[in-house]
Structure formats: structure tokens, C-alpha cells
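Enquirer:
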């Protein structure tokens, strides 16, 4: 699952508007996945468990959808909410580790110049 840059922007707008505890509890654990091959364009907001999923969808679902539509300028954007599956969770962790490794290599190259 590739990082979706506008998802980070969406989360930053939520972070500005919510209390620190609210953001770290409900929004920070969320991931975004593109549902490839679906028209109109479709994304899934992934939560680590059903409790967070239900709370986020009930309390922040409309706000998340509105922000994603505004950021992407795609009025026909389809956003749904689901629990992240174990295989996807492992993929997210592996991608983060790879990004950290790549970031450290880039940082090391930059410092050596």
C-alpha cells in the first residue's frame, strides 16, 4: 500500500482542528488505501479495529470525506471505512520500515556532501 500524499494533508487538517488526545486516539492510527480499478475513484479509510472504525465513521466520517473531496478536487470521490486486514497491516509496517531505511540513506548521502 503506497503512501497517499493527500491523506497526510487530510490528517494534518484534522490535527489542527482536534484536541491532541482526540487526534492521537482516533485519527493517527488510520491509513488510506486506494481501491484500484473502481470507478468512480474509491478509497478506503482503514482502522486497526472495529471499535476505532465505528467511532471514526460515526464521529468523523463526514468530515474526512469532505476534506478528501476538497483536497483532491474530485467531487465524485467514493470513501468507505473498513478494518485493516492482517496482511495489509504487515505491508504497512514493512513499507514504513523501508521508508525509514531509505530516508536514512538519503540523509546519510546529504550529510556526506
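Numbering (the numbering used here), first residue to last: 128 to 240.
All C-beta atoms, glycine included, are put in the ideal place defined by N, C-alpha and C.
Taking DSSP's pairing of strands, which residues face residue 210 in a bridge?
Expert: Per DSSP, 174.
Enquirer: CA-CA distance, residue 150 and residue 187?
Expert: If I take the Cα positions, the gap works out to 11 Å.
Enquirer: Quick check on residue 132: buried or exposed, where buried means 16 or more other Cβ atoms within 10 Å of its Cβ?
Expert: Per the 10 Å Cβ criterion, exposed.
Enquirer: When you compare each of 196, 143 and 159 to residue 171 by their alpha carbons, which one comes out closest?
Expert: Looking at the Cα atoms, 159 is the closest of the given residues.
Enquirer: Could you check where the beta strand (DSSP E) with residue 145 kicks off and where it finishes?
Expert: Element bounds for residue 145: n/a, residue is neither H nor E.
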